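Enquirer: Just dropping this structure here.
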Amino acid sequence: MTAIDNKTRAGRCFLLASVAAIGLIGGTAAGAQSQGVPASDEAASGVIDQIVVTAQRRSESLQSVPLSVTALSGDVLRDKDVVNIDRLQQIAPGLRIGRSGSDPRPALRGTFTAAIQGNNDPRIGFYIDEIYQSRTSQLSVPFVDLEQIEVQKGPQGTLFGRNSFGGNIAITTAKPRGNFEAGLDATYGNYDRKLIQGFINIPVSKDLAVRFAGAFEDRDGYIKNIFNPKAEADDRHLFYIRSSLRFAPQALDGNLEILLHGSYWKEDDHGNGAFGSKAIGALYSPQYQIAPGGTLNLPNASPVTLPGGYVGLDYQSSTLIPYSVFYRDGIPDINGADVGIPIPGKYTLRTDYESVQKLKSKQFSANINYDIADVVRLRSITSYTDFSAFRTRDADGTSANKGIGYFLTEDKAFTQEFQIQSHKADSPLQYTAGLFYMKDKVPDAYFGLENRAYSTANAIATGGYPIYFNNYTYSSLVNYGAPLAGNVNSALVTAARSDSVNPLTYLETVSKAAYAQASYTFARKLTITGGLRYTEDHRTFFSALQLAAATGGTFAFSPGYGVTPSLDFNRTCDGFTAADPSSTATNKATALTTRCGDTKFKFWTYRLAADYKFDDQHMVYASYNTGRHAGGFSYSPRPGANTLNPVDTENVTAYEIGSKNQFFDRRLQFNVATFYNKYKNLQISVSYPNPLLAGSVSTYSQNGQSNDTYGAEFEMIAKPVRELTLNLAVNYLHARDNPVVVSGASSNSLCTIGTSASCPNIQIGLTGGILPNVVSNPELFVAVPGTTTFNTVGYNKKVKVQNQPDWTVQGGAAYTIDLVNAGKLTGEVQSYFNAGFLLSTSTPNFMQKSYTKTDLRLTYAPAGGRFTVQAFVENIENVAVVNRVTVSNYTYDGNYEAPRTYGLRVGFRY
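Quick note on numbering: the sequence shown equals residues 0 to 909 in numbering that gives the first Met the number 0.
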């Protein structure tokens, strides 16, 4: 045995001993490779696969790219049951996926996709075969027959076409090849889950190949309805098909490649509601829950007797209770007070309405590559997308047949990109330059429709609830000592209700950009990279608003506006759109007024990076990047204005230092990165008193938020012996929003913040209760210099960024037993730990607590390798994770991630 052999064996023994404990942690791949059945000759030989990525718009080894990328092969995705974006966070370190209804909201490195409606775009870029997807619902597309997925972390503002502000999620589908291939996977699991995925690759000739892939899934809902069994939620019924054609004429020595893609996706199920599948609860402050007929004692004011009771809250001291508090049922709940309607369990609904989710997408693209003398590559990337999403929800969130919400979105987009690239692999100079064009048309609307035939008596007879308004449903600025006019807090719901349109909008974006990035390598060691991009976005926005005066708490054009929800409206500035023909309103011909906005955003982004390769297996790098997220428009004009003011672009400056390494003849790989991101001019929603309706507010968007984020990431894969794969990823993230004003509504008081003695005239808050106010919650107010008023702030200290945990740990182990002529048996354990995260910035004490999820898999592959059988259990702890919340009617609605699931998958490959 040679000295080298002894050294290699000693290294393997040391490696095995040093990382054996990692297998006890559980988890997933840290960087890119399959931890299941080996998917390549390299993996079978006991070394870690070399992964090729396109994070710099060219094919490069993952270990040579000077930025943080997680790349997951199609085999990994298949093995881990990642059939859509929801489970991607389980195996992609640093990525969080929130969700509102059909809209995933990715979060990376201190920023998350906040806007999902038609007045703006996502902050995290999503690409399918280099084609930008501008609507968040498009992220729900099925993952079928993929080459790989790349999660590119941090701003990618130079080479990518649109809004890669916090990072990218880039999907590459499997392209046609020159040999016949076919595959089929059939899965059956609990919740009567039936999933079939398949592909076939046909080489038509030496020059031409075609590939077809498709999926069908039918699954019952995770959330059952105890009032109306048909009205479950979070089910899935979809059909997806994709065709691809590759033409590469041998007569041109492979210098020309034409790739054509066409896909069709249709989903028709109940979904998760328009924004959240179910009510989770409401904040509760015992000192401000008053039973009917009780008295509310206020400092420095006369006591107030409330015949119908009272529900107030204190953001600072409130706790979450399982009640929907917008309505009451007349039944005492807590301390004799009727605080609302009880909410059933985490995966249980009690609603009457059967919600609908209909998603449909048609997408076509053409990627043309032409190489000139193996020196220069010319590229053309063309696409057309036609997408629509129709979602409904039970607007009242109860078993009362009272209200329905409709959320409609469409997107028709055309993109064209031209590139020129260096194509000589051994040249010290590598470059990519290009031009980008996009025209994107997005009509969007939300309708809240009221059932005027609702009857309390009928609700009781059918097992529903009698519905009472809570006091703050009709909130008004009433001084402590003043009577509460009309005693509306005890009134039953009557026909005096209004529909709402929030609002009808149309956004047209024309984006043009020119970019270039070049790298030069000195002495095969040091590489310097520089990139620059100029972007010009022309955005035109139309918003059809309810601007009619209000009478008696009801807008004059109601009832009956939105009986037939539609995206059609008068797209003329100051034009009118009529109410539904059934409306009895006196002004139904001018129910909505269109306000307009038109502006251009022009900006530069750039990148500087340097990396040093000690050898083929060790590299260090540092980078400086900037990113911009396109500006947009607020839905509503500011009070007194007739036009829609634009919201400016958001900015990020990002610094990263990292190292990528392989040891022991590619049996150990670890990558580490540290980063600091500074976000400025972030877009936020700001509230002002509504001059048309006393006691209500108008909300519009403006810039003003800032955020400082830093962190570190560690990812490791180890193969101490051929049969065993271990992996570990640890992510630390310190993401904090800085203080910001969220309301221009003044307290109109001479109060000293935090001092009750100086505040005899504190007003009832706009949220309906007397709180928050400058006495009870001084952290939510800031004095306006030179005045006697206060602005409301979200917080006056740094607060965690929503949906971003401080710590995550992912790790796992896979061990393959060779059964010789009987095949192979692979056991896997994966685990994911999340330290918890903020669910809503409106209540900084409302957190998803820390949790751990573990997956177990056992895969059998008979000799020959064509068949596989896998049994799996996912989320064995059956932990219920709330991945995001929204506030609706003063109650938190949200989506729960999947409960424990299990099943059996049979696969075939030819």
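Glycine included, every Cβ here is placed at the ideal spot set by N, Cα and C.
Here the structure is a predicted model, which means the values were calculated and not measured.
In chain order, what are the residue ranges of uninterrupted beta strand (DSSP E) at least 3 long that sit wholly in the stretch 180 to 214?
Expert: 180 to 188, 192 to 202
Enquirer: Are the C-beta of residue 171 and some C-beta of chain B separated by less than 8 Å?
Expert: Among the chains in the structure shown there is no chain B, since it carries only a single protein chain.
Enquirer: Flag this pair as yes or no: are the beta carbons of residue 393 and residue 352 separated by less than 8 Å?
Expert: For the purposes of this step, residue 393 is taken as the residue at position 394 of the sequence shown. For the purposes of this step, residue 352 is taken as the residue at position 353 of the sequence shown. Contact: yes.
Enquirer: Using a 10 Å radius around the Cβ and a threshold of 16 neighbouring Cβ atoms, would you call residue 910 buried or exposed?
Expert: Absent from the model: residue 910. The displayed extent of the chain is 0 to 909, so no value can be given.
Enquirer: Identify, in the order they occur along the chain, each residue of the same chain with its Cβ nearer than 7 Å to the Cβ of residue 94, setting aside the five sequence neighbours on each side.
Expert: Here residue 94 refers to the residue found at position 95 of the sequence shown. So the list reads 87, 88, 105, 107, 150, once near-sequence residues are dropped.
Enquirer: DSSP on residue 912, reduced to helix/strand/coil?
Expert: A question about residue 912 goes unanswered here, because the residues of the chain that appear run from 0 up to 909.
Enquirer: I need the DSSP call for residue 796, collapsed to helix, strand or coil.
Expert: Taking the sequence shown and counting its residues from 1, one reaches residue 796 at position 797. Here residue 796 sits in coil by DSSP.
Enquirer: So, helix, strand or coil for residue 349, using DSSP?
Expert: Counting from 1 along the sequence shown, the entry for residue 349 is found at position 350. In the structure shown, residue 349 sits in coil (DSSP, three-state: anything other than H, G, I, E or B).
Enquirer: List the DSSP bridge partners of residue 529.
Expert: Against the sequence shown, residue 529 aligns to sequence position 530. Residue 529 is bridged to 517, 607.
Enquirer: Let's test the definition: count the other Cβ atoms within 10 Å of the Cβ of residue 449 and tell me whether it reaches 16, buried, or not, exposed.
Expert: Position 450 of the sequence shown, counting from 1, holds the residue named residue 449. Buried, because 16 or more other Cβ atoms sit within 10 Å of the Cβ of residue 449.
Enquirer: Between which residues of its own chain and residue 160 is the CB-CB distance below 6 Å, once the five residues before and five after are set aside?
Expert: Taking the first residue of the sequence shown as position 1, residue 160 is located at position 161. Hits under 6 Å: 131, 435.
Enquirer: Give me the DSSP bridge partner(s) of residue 363.
Expert: Numbered from 1 along the sequence shown, position 364 holds the residue referred to as residue 363. DSSP lists 261, 383 as partners of residue 363.
Enquirer: For a quick check, are the C-beta atoms of residue 116 and residue 125 less than 8 Å apart?
Expert: Here residue 116 is taken as the residue at index 117 of the sequence shown, counted from 1. Here residue 125 is taken as the residue at index 126 of the sequence shown, counted from 1. The answer is no: Cβ separation not under 8 Å.
Enquirer: Do residue 505 and residue 446 have their CB atoms nearer than 8 Å?
Expert: Sequence index remark: in the sequence shown, residue 505 carries index 506 (1-based). Sequence index remark: in the sequence shown, residue 446 carries index 447 (1-based). Their beta carbons are not under 8 Å apart, which means residue 505 does not touch residue 446 by this criterion.
Enquirer: Please go through the stretch 587 to 636 and give each complete beta strand (DSSP E) segment of 3 or more residues, from N-terminal end onward.
Expert: 591 to 614, 617 to 628
Enquirer: Threshold first: 3 residues or longer. Then list the beta strand (DSSP E) segments lying entirely within the stretch 145 to 172, N to C.
Expert: 145 to 152, 166 to 172
Enquirer: Tell me, please, which residues DSSP counts as bridged to residue 874.
Expert: Position 875 of the sequence shown holds residue 874. According to DSSP, which records beta bridges pairwise, residue 874 is partnered with nothing at all.
Enquirer: By the 10 Å Cβ neighbour count, where 16 or more other Cβ atoms means buried, how is residue 252 classified, buried or exposed?
Expert: Along the sequence shown, one-based indexing puts residue 252 at 253. Answer is exposed; the Cβ neighbour count stays below 16.
Enquirer: On the criterion of 16 or more Cβ atoms from any shown chain inside 10 Å, does residue 335 qualify as buried, or is it exposed?
Expert: Here residue 335 corresponds to residue number 336 of the sequence shown, with the count starting at 1. Only exposed fits residue 335, as fewer than 16 other CB atoms lie within 10 angstroms of its CB.
Enquirer: Just grab the DSSP bridge partners of residue 341 for me.
Expert: Residue 341 sits at position 342 when you count from the first residue of the sequence shown. For residue 341, which the question treats as bridged, DSSP gives the partners 322.
Enquirer: Measuring only the C-alpha atoms, how far is residue 242 from residue 595?
Expert: For the purposes of this step, residue 242 is identified with residue 243 of the sequence shown, where counting begins at 1. For the purposes of this step, residue 595 is identified with residue 596 of the sequence shown, where counting begins at 1. Cα to Cα, the separation comes out at about 41 Å.
Enquirer: How should residue 330 be labelled, buried or exposed, when 16 other C-beta atoms within 10 angstroms of its C-beta is the threshold for buried?
Expert: Here residue 330 refers to the residue found at position 331 when the sequence shown is read from its first residue. Burial call: exposed.
Enquirer: Residue 249: which of 660, 284, 369, 538 sits nearest, CA to CA?
Expert: The residue labelled residue 249 in the question sits at position 250 within the sequence shown. Among 660, 284, 369, 538, the Cα nearest to that of residue 249 is on 369.
Enquirer: Per DSSP, what kind of secondary structure is residue 820 in: helix, strand or coil?
Expert: Position 821 of the sequence shown, counted from the start, is the residue given in the question as residue 820. Helix at residue 820.
Enquirer: Would you kindly check if the distance between the Cβ of residue 507 and the Cβ of residue 440 is under 8 Å?
Expert: Residue 440 sits at position 441 when you count from the first residue of the sequence shown. Residue 507 sits at position 508 when you count from the first residue of the sequence shown. Yes. Within cutoff.
Enquirer: What's the C-alpha gap between residue 423 and residue 361?
Expert: Mapped onto the sequence shown, residue 423 falls at position 424. Mapped onto the sequence shown, residue 361 falls at position 362. Residue 423 and residue 361: Cα-Cα distance of roughly 36 Å.
Enquirer: With burial defined as no fewer than 16 other Cβ atoms inside 10 Å of the residue's Cβ, what is the status of residue 523: buried or exposed?
Expert: As a first step, residue 523 is located in the sequence shown; it is residue number 524 there, counting from the start. By the C-beta density criterion, residue 523 is exposed, having fewer than 16 other C-beta atoms within 10 angstroms.
Enquirer: Closer than 7 Å: is that where the CB of residue 816 sits relative to any heavy atom of the ligand FAD?
Expert: Judged by which ligands are present, the structure shown has none, so any question about the ligand FAD falls away.
Enquirer: In terms of DSSP beta bridges, what is residue 449 paired with?
Expert: Working through the sequence shown from its first residue, we reach residue 449 at position 450. 402, per the DSSP bridge assignment.
Enquirer: Note down the Cα distance separating residue 233 from residue 354, rounded to an integer number of angstroms.
Expert: Position 234 of the sequence shown, counted from the start, is the residue given in the question as residue 233. Position 355 of the sequence shown, counted from the start, is the residue given in the question as residue 354. Rounded to the nearest angstrom, the two C-alpha atoms are 10 Å apart.
Enquirer: What's the C-alpha gap between residue 133 and residue 382?
Expert: Start at 1 with the first residue of the sequence shown, and residue 133 comes out as number 134. Start at 1 with the first residue of the sequence shown, and residue 382 comes out as number 383. If I take the Cα positions, the gap works out to 13 Å.
Enquirer: From residue 657 to residue 169, what distance separates their C-alpha atoms?
Expert: For the purposes of this step, residue 657 is taken as the residue at position 658 of the sequence shown. For the purposes of this step, residue 169 is taken as the residue at position 170 of the sequence shown. Each residue's Cα considered, the two are about 22 Å apart.
Enquirer: Less than 8 Å separating the beta-carbons of residue 200 and residue 181?
Expert: Residue mapping note: residue 200 aligns to position 201 of the sequence shown, counting from 1. Residue mapping note: residue 181 aligns to position 182 of the sequence shown, counting from 1. One thing to note: residue 200 has its Cβ within 8 Å of the Cβ of residue 181.
Enquirer: Could you please give me the residues that DSSP links to residue 222 through a beta bridge?
Expert: Walking along the sequence shown from the start, residue 222 turns up at place 223. Paired residue(s): 232.
Enquirer: DSSP has residue 712 in a bridge; who is on the other side?
Expert: Looking up residue 712 in the sequence shown gives position 713. Residue 712 pairs with 672, 730.
Enquirer: Are the Cβ atoms of residue 871 and residue 80 separated by less than 8 Å?
Expert: If you number the sequence shown from 1, residue 871 lands on position 872. If you number the sequence shown from 1, residue 80 lands on position 81. A contact, by the Cβ cut-off of 8 Å.
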